[in-house]
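This report refers to the structure that appears directly beneath it.
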Amino acid sequence: MQDTEYRDEMSELPLCISPSRMRTMMKSSPDVECVSTESVISMIKATELFIKELVTLSNSRDRNEIGYHQLSELQTRFDRYSFLSDILPQKITAREWSEKYKHLFLSTQ
1 MQDTEYRDEM
11 SELPLCISPS
21 RMRTMMKSSP
31 DVECVSTESV
41 ISMIKATELF
51 IKELVTLSNS
61 RDRNEIGYHQ
71 LSELQTRFDR
81 YSFLSDILPQ
91 KITAREWSEK
101 YKHLFLSTQ
């Protein structure tokens, strides 16, 4: 992430995510027609708090960097992050996968 700080047009809150970028992401949903400035700023702040919590909870030595492994561990350790399991599954070897799911293949034979 860049060290650029963006300013909210309505206040002097420093923002780490570009409002125009967040607006674009929010408008990319087919169900969204209109996005207010307040909702963009709220979403940015919520995203920043979410990322801050993930970094704080990770066991990373370098608190400025968090990787796939740390995020994957978080979704496994904390139930409140289970919604991340589809996009951040724990990496396993092919051997571990075949042992874990061999019952699916044995029952079809």
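When you line the sequence shown up against UniProt numbering, it's residues 1 to 109, in that order. Ideal Cβ placement from N, Cα and C applies to all residues, glycine included. Nothing here was measured: the structure is a model prediction, and the numbers come from that model.
Sub-7 angstroms separation of residue i and residue j beta-carbons
i   : j   : result
L88 : Q75 : yes
M26 : V35 : yes
E65 : C16 : no
Residue i, buried or exposed, once every other Cβ within 10 Å from all chains shown has been counted against 16
i   : result
I44 : buried
Y81 : buried
Close beta carbons around residue i, own chain, < 6 angstroms, minus the five adjacent residues each side
i           : result
Q2          : Its pLDDT being 45, under 50, Q2 is placed unreliably by the model, and the measurement read from it follows with that caveat. Cβ within range, chain order: n/a, list empty.
L84         : Q75
residue 129 : Any answer about residue 129 is impossible in this case: the structure gives the chain only from 1 up to 109.
Neighbourhood of residue i by C-beta distance below 7 angstroms, restricted to the same chain and skipping five residues each side
i   : result
E73 : none
Sequence-distant residues of its chain with Cβ nearer than 8 angstroms to residue i (five each side left out)
i   : result
A46 : none
>> Would the region 49-58 count as touching the region 32-41 if we require 3 or more Cβ pairs under 8 angstroms?
In response: no
>> So within the region 29-97, which uninterrupted alpha helix (DSSP H) runs reach at least 4 residues, ignoring any that extend past its ends?
In response: 37-57, 68-77
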